[in-house]
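In our numbering, the protein residues as written are 203 to 569. Read the structure below first, then the notes.
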Ligand SMILES: Nc1ncnc2c1ncn2[C@@H]1O[C@H](COP(=O)(O)OP(=O)(O)OP(=O)(O)O)[C@@H](O)[C@H]1O
Ligand SMILES: [Mg+2]
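Structure, rendered in structure tokens:
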């Protein structure tokens, strides 16, 4: 059997929507076979009862599957936020095999939870010398067992089987890696702005150096709009998607001329600004931390993705404030697109699909 004839599926269960992609490796090239995005009904998410919430997520996964026409039921998925603890640590030199045997003992010193409460994984990022001693740089990932179990139960309830379980930040890294235009050692920050979380992953070349999930994202913009206009969350969400824009200083005139027709644009921009500044502050803090740790290197470029990357002018706002180029992730730049895929629909949703594309690629690593 030809291994490359198999399709692989990435499933991104976000806090606002479920995303799916199906990929196939055709003669060494990745081809997108199908994709799908389905919103999780907001009312269900606001329900106090966690069972009700889970049911809504399961229903949305089923819907996303139906819409996509994808048949394969084995999926790669991911966790983020409070479900995972990530540490970059230096350890005395040892081989991967040795580390695998002693990982629990090593992790105990770095993970603030009982070793019986987490599932551990690691990756050796590199090696070097410190105080005359040979050391290794290790990426340590601890996922909370109860959250992993819940996650697997959700997949089962949706009739799926669980393949790789990854972390959002590293999935975006995979998606970036296959779409990168130039192989260089540039320091880039991948920033995925979702509904609840903004995930940052700072890379040198394609190697992760620092990652963090910040609890400020699209829902926070929507909540401010909801308050300002005294409307339902879902209405505020629609208004934001249709007319929301960040005002850019040099374009003040333009934005205010739009606002003569529709002053809602200006009001939205005003109420979103404090949230935006909070997000910017957290991004800066992450950059500062990396720059202090790495001593000599600075973040040179930002690659933006996630549903909230579609917010008009967010890229330009960040570029202006951070003083570095900010680009959107070309999620399918180096990917072939299968005939049946609607290009317009794909370009509308591509910024939302970075995590699940990266997940699908991870699934393929495991085969
Ligand atoms: N055109 C648009 N303009 C502004 N915001 C948008 C637009 N389209 C989608 N969004 C926002 O993107 C967010 C959803 O993005 P995404 O699907 O990446 O989040 P998620 O994966 O469900 O959430 P999380 O990763 O935080 O759990 C929502 O807050 C939504 O309002
Ligand atoms: Mg997400």
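No residue lacks a Cβ here, since even glycine has one placed at the ideal position from N, Cα and C. Note that the structure is predicted; figures quoted are calculated from it, not measured.
query	result
Where the beta strand (DSSP E) containing residue 490 begins and where it ends	Element bounds for residue 490: not the beta strand (DSSP E) but the alpha helix (DSSP H), 465-496.
Same chain, Cβ closer than 8 Å to residue 284, neighbours up to 5 away in sequence not counted	346, 349
Three-pair Cβ contact test at 8 Å for the stretch 488-508 versus the stretch 536-544	no
Inter-residue CB distance, residue 557 and residue 374 (contact presumed, cutoff 8 Å)	6 Å
Limits of the unbroken beta strand (DSSP E) element including residue 336	335-346
Residue 446 beta carbon near ligand 2 (any heavy atom closer than 6 Å)	no
Whole-angstrom distance between residue 427 and residue 266, CA atom to CA atom	28 Å
Counted within 10 angstroms of its Cβ, other Cβ atoms place residue 279 as buried (16 or more) or exposed	buried
Straight-line Cα distance separating residue 254 from residue 495	44 Å
Buried or exposed (CB count within 10 angstroms, at least 16 for buried), residue 415	buried
Residues bridged to residue 231 (per DSSP)	228
Assumed close pair residue 218, residue 269 - CB separation to whole angstroms, cut-off 8 Å	Wrong, their Cβ atoms sit about 17 Å apart, outside the cutoff.
Distance cut-off 6 Å: residue 365 Cβ against heavy atoms of ligand 1	no
Where residue 449 falls: helix, strand or coil (DSSP)	coil
Contact test: residue 556 Cβ vs ligand 2 heavy atom, cutoff 6 Å	no
Selected residue, minimal CA-CA separation from residue 536, among 209, 230, 214	230
Residue 477 versus 529, 240, 398, 363, residue with shortest Cα-Cα distance	398
Distance cut-off 6 Å: residue 396 Cβ against heavy atoms of ligand 2	yes
Check: residue 212 C-beta below 6 Å from any heavy atom of ligand 1	no
Closest by C-alpha distance to residue 245, when choosing among 235, 394, 258, 233	258
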